[in-house]
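Have a look at the structure below, then the notes.
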């Protein structure tokens, strides 16, 4: 997945200050996202950004279904891919919080982390189950308890962070500029770390597919939706780029890690798509080759 930081308060404009400036903005976007949209480019940036969030929200569901059907998720998915994935989403959530992003972004980021936990839980479950060890049931029980505790913790964090954010909107203006600068810089660093996690997540999976010469057990919809999400995400950022050249450079630097992450992962997923096409063709040829080898044997047996 990629960072859902689509509606940043660019150039450190606080919600209170932004409310005073947003007079001719689109009402439904302002009430839903607290984003001041005053022209067509910004409007379509938000709409495309929402499409991106929807793509990312449902990206993991096809993979969960495929893994449930064949029970080979531990053989199909790379553990490095899953760990980098959740690492990217966790640092993304931290970046959203430190840079004082909107409530919808924090909700989306926590939803991503929850989906990651579910996918990794399914991976661990089938890994232990397929090993058929005597301690399997005990390990599964302990893992399930840990997973439930993590989910409860996240569900507690979500409303508390949102409430704190709204309660502290007035105090944010009174906070020293140095503190805000440190938090902004920390969030910016988290953005780069998240970018590296997302980019690094594809290489273990590409290598695992290459080793197996197969993509069996993985759902292409997972990567197709991720590609669509990253494409629309990057496009939403580009559409909102300011017209003034001086502001454009500042905007570009402000969103650089997320632009690198979105378009970089999109580029790597093209190689993932190529693997799905190539290995699917190879798997289709194998049955025909087996049939050609068996048929002469059957004819010889009849002649004898």
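In the working numbering, the protein residues as written are 206 to 509.
Ideal Cβ positions, reconstructed from N, Cα and C, are used throughout, including at glycine.
If you're wondering where the values come from, they're calculated on a predicted model, not measured in any experiment.
Close Cβ partners of residue 339 (< 6 Å) along its chain, the five nearest in sequence each way excluded: Its pLDDT being 49, under 50, residue 339 is placed unreliably in this model, and the coordinates cannot settle the point.
Nearest-angstrom Cβ-Cβ length linking residue 481 and residue 403, presumed shorter than 8 Å: Not really, about 20 Å apart at Cβ, beyond 8 Å.
Backbone CA spacing between residue 454 and residue 260 [nearest angstrom]: 29 Å
Integer Cβ distance of residue 296 from residue 399, believed to fall under 8 Å: 4 Å
Cβ contact check for the segment 419–437 and the segment 233–244: 3 or more pairs under 8 Å: Cβ pair count under 8 Å is below three, so no.
CA-to-CA distance, residue 471 to residue 299, given in whole angstroms: Counting only the Cα atoms, residue 471 lies some 23 Å from residue 299.
Per-residue burial, residue 415 [other beta carbons within 10 Å of its own, 16 or more giving buried]: With fewer than 16 Cβ atoms within 10 Å of its Cβ, residue 415 is classed as exposed.
Residue 378, DSSP secondary structure in three states: Here the model assigns residue 378 a pLDDT of 46, short of 50, so the residue's position is not dependable, and the following value carries that caveat. The answer is coil: DSSP assigns residue 378 none of H, G, I, E or B.
Residue environment, residue 282, which counts as buried when at least 16 other CB atoms sit within 10 Å: buried
Burial state of residue 379, where buried means 16 or more other Cβ atoms lie within 10 Å: Summary for residue 379: the model assigns pLDDT 49, below 50, so the residue's position carries little reliability, and this model does not support an answer.
Through-space distance from residue 333 to residue 436, alpha-carbon basis: 36 Å
C-alpha gap between residue 448 and residue 291, whole angstroms: 36 Å
Inter-residue CB distance, residue 253 and residue 473 (contact presumed, cutoff 8 Å): Contact between residue 253 and residue 473 is ruled out by a C-beta separation of about 21 Å, above the 8 Å threshold.
8 Å Cβ cutoff met for residue 286 and residue 419: no
Beta-carbon contacts of residue 331 that lie in its chain and below 6 Å, excluding the five residues immediately before and after: Answer for residue 331: 276, 278, 279, listed in chain order.
Chain-order list of residues whose beta-carbon lies under 8 Å from that of residue 229 (same chain, five-residue window excluded): 243
Proximity winner among 484, 325, 395, relative to residue 421 (alpha-carbon distances): 484
CB contact below 8 Å: residue 318 versus chain B: This model lacks chain B altogether; it includes just one protein chain.
CB contact flag (residue 323, residue 269, <8 Å): If you check the CB distance, residue 323 and residue 269 come in under 8 Å.
Backbone CA spacing between residue 249 and residue 441 [nearest angstrom]: 7 Å
With 16 other Cβ atoms within 10 Å as the buried cut-off, status of residue 316: The residue is buried, with at least 16 neighbouring Cβ atoms inside 10 Å.
Three-state secondary structure assigned by DSSP to residue 238: helix
Identity of the residue in 246, 271, 479, 335 nearest residue 411 by Cα: Nearest option by C-alpha distance: 479.
Buried versus exposed call for residue 328 [16 or more other C-beta atoms within 10 Å across all chains shown]: buried
Collapsed DSSP secondary structure at residue 477 in the structure displayed: helix
Residue 431 - DSSP class collapsed to helix/strand/coil: helix
Cut-off 6 Å between Cβ atoms - residues of its own chain near residue 401, not counting five sequence neighbours on either side: When the five nearest sequence neighbours on each side are left out, no beta carbon in the same chain lies closer than 6 Å to the beta carbon of residue 401.
Of the residues 487, 477, 456, 431, the one placed nearest residue 466, counting alpha carbons only: 431
Buried or exposed (CB count within 10 angstroms, at least 16 for buried), residue 273: exposed
Integer Cβ distance of residue 434 from residue 265, believed to fall under 8 Å: Wrong, their Cβ atoms sit about 11 Å apart, outside the cutoff.
Of the listed residues 488, 477, 468, 396, nearest to residue 408 (C-alpha basis): 477
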